[in-house]
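Position 120 of the sequence shown, counted from 1, bears residue number 119 in numbering that gives the first Met the number 0, the numbering being contiguous throughout. Where a beta carbon is used, it is the ideal one built from N, C-alpha and C, also for glycine. Notes to accompany the following structure.
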Amino acid sequence: MPRIDEKLIPIYEDVLRRNAGETEFHQAVEEVLESLGAVIGKHPEYLDNALIERICEPERQIIFRVPWVDDNGQIQINRGFRVQFNSALGPYKGGLRFHPSVNVGIIKFLGFEQTFKNALTGMPIGGGKGGSDFNPRDRSDGEVMRFCQSFMTELYRHLGEYTDVPAGDIGVGAREVGYLFGQYKRLTNRYEAGVLTGKGLIYGGSRARTEATGYGTIYFIDQMLKTKGASLDGKRVVVSGSGNVAIYAVEKVNEFGGKVVACSDSSGFIVDDGGIDLGLLKEIKLVRRQRISDYVGLKGSGAYFSNKGSVWEIPCDVAVPSATQNELHANDASALIRNGVVAVGEGANMPCTPEAVRLFQSEGVLFGPAKAANAGGVATSALEMQQNASRDSWTFEETEARLAVIMRRIHDSCAETAEAYGAPGNYVLGANVTGFVRVAEAMQAMGVI
């Protein structure tokens with residue numbers, strides 16, 4: 000049985016019973032409930048009126064068929080999802096993920112996490128998540144467009160700038176968001192710019208949104224290091240993944256004076272002891288859409304590719320897991336600790352297993368959980384919504400400055416909460432409790448919702 004206060008165990012058991020087989024969702028709920036023992040000790044009223052049970056239950060779950068025609072004229076069928084988890088603080092807000100691994104349990108875990116992450120930003124946004132088991136990799140632009148149009152033809156009826164505002168996630172970038180927004184506009188006959196975020200700059204997008212999650216994670220790590228009188232300057236960093244989050248984490252590490260020596264994709268990882276060439280990485284991943292192994296051939300000497308072992312075996316001072324959930328296991332954490340890691344910041348959603356997190360905490364490694372460390376993306380999405388509502392457009396510098404303030408505020412609120420509950424430096428507890436209390440207080444004020 001997990002390390003959950005005995006008063007909360009019946010709630011966890013009910014989650015397991017009602018959501019059978021959804022292991023990622025179980026894991027996300029377990030992590031939050033483990034942090035709430037101290038909270039209900041101080042605030043037993045949170046056990047009243049089934050408040051915690053309601054927070055663990057999505058307000059709405061939508062599953063639908065997505066038929067579309069491929070370039071060969073064959074009809075393909077995928078499954079679409081949208082889980083509108085909690086709207087106590089504002090309209091549902093959270094990305095769409097297009098990946099073969101997507102199922103309702105993964106979407107529910109992401110929506111649950113998103114609820115607390117969004118609460119941490121201090122912005123008026125609730126939590127939701129969606130996506131499909133469609134794989135955009137190796138599909139033509141025409142196929143992606145036809146899929147997105149079919150997907151939005153069903154989803155649009157559940158969206159609105161005051162109802163539910165999706166964004167991108169794995170497999171959903173600027174191309175996909177453009178097709179989705181175009182179909183929404185056709186179906187509704189409205190130019191409702193605030194209904195989707197991550198849009199192109201020419202039609203209502205926000206400067207710095209593409210960079211925001213990666214930048215925000217590094218801002219959070221920098222704040223953690225500052226509590227120990229340290230900084231990223233001169234630090235050796237390993238980043239997993241090579242999508243937007245990883246690429247812009249690399250960019251911000253460079254700006255802070257650190258050096259990223261390794262990154263990865265699903266085929267393996269590259270190591271470049273001289274520091275990853277950011278321009279080349281962007282060319283391979285954002286322009287050519289190639290595999291990470293192509294970096295070595297284009298870079299020439301000084302770099303190598305491996306599809307054996309783990310990127311976490313590469314010695315570093317700071318680790319930034321930015322690929323996908325549960326990618327960093329206990330054995331990876333042990334390897335990082337042996338090699339002297341001092342800080343870990345989650346750029347992806349729940350990339351570290353519970354066993355890995357406990358190892359980092361037991362060894363005194365600074366650990367920034369995803370719901371705090373990677374909240375920069377959704378925070379900047381909320382800034383995009385502000386600009387859309389006011390028919391305004393801010394400069395990159397103005398938007399990034401606001402992002403930096405939000406990430407410092409998130410760090411400080413997590414640190415202060417952890418201190419108040421007798422667990423200084425425990426950012427997991429700080430993030431979970433801060434997010435939970437904000438959602439719980441809103442729900443209590445609104446009655447039985």
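- Taking a 10 Å sphere around the C-beta of V194, we find 16 or more other C-beta atoms and assign the residue as buried.
- Check the Cα spacing between A322 and each of L279, V82, Y247: the tightest is with Y247.
- The alpha carbon of G93 has as its nearest neighbour, out of D4, P123, L279, R287, the alpha carbon of P123.
- Within its own chain, the residues whose Cβ lies closer than 7 Å to the Cβ of A27, once the five positions on either side in sequence are excluded, are F108, F111, E112, M349, listed in chain order.
- Within the DSSP bridge table, the entry for R96 names G130 as partners.
- Residue state for I405 is assigned as helix, using DSSP reduced to three classes.
- Per DSSP, reduced to three states, the secondary structure at A334 is helical.
- No Cβ-Cβ contact shorter than 7 Å links V101 with G129.
- The beta carbon of Q182 sits closer than 6 Å to those of Q148, M151, all from its chain and outside the five residues before and after it, given in chain order.
- In summary, H25 is buried, with 16 or more beta-carbon neighbours lying within 10 Å of its beta-carbon over all protein chains present.
- DSSP places I39 within a helical segment (H, G or I) once states are collapsed to three.
- Secondary structure of W67 (DSSP, three-state): strand.
- Beta-bridge partners of S230 (DSSP): none assigned.
- Take L50, set aside five residues on each side of it, and the residues of its chain with a beta-carbon closer than 7 Å to its own are A439, M442, Q443, in chain order.
- Its Cα nearest to that of F255, the residue T216 stands out among T216, R288, G267.
- The region 37 to 54 makes contact with the region 430 to 439; the number of CB pairs closer than 8 Å reaches 3 or more.
- Distances from the alpha-carbon of P314 to those of D331, I409, P90 put D331 closest.
- One Cα belongs to L285, the other to A37, and the distance between them is close to 45 Å.
- One thing to note: F97 has its Cβ no nearer than 7 Å to the Cβ of P66.
- F180 and D276 have their C-alpha atoms roughly 34 Å apart.
- The beta-carbon distance between R208 and G197, rounded to whole angstroms, is 6 Å. This is short enough to meet the 8 Å contact definition.
- Put simply, of E52, I39, G242 the residue whose alpha carbon is nearest the alpha carbon of I448 is E52.
- Using a Cβ-Cβ distance cut-off of 8 Å, the region 420 to 430 and the region 366 to 375 are in contact, since at least three pairs of beta carbons, one from each stretch, lie closer than that value.
- Fully enclosed alpha helix (DSSP H) runs of no fewer than 4 residues occupy 369 to 372, 375 to 388, 395 to 419, 426 to 444 of the region 359 to 446, in order along the chain.
- A check of alpha carbon separations from R145 across T352, G72, H157 identifies G72 as the nearest.
- In the three-state scheme derived from DSSP, where H, G and I count as helix and E and B as strand, D316 is classed as coil.
- DSSP lists D163 as the beta-bridge partner residues of Y91.
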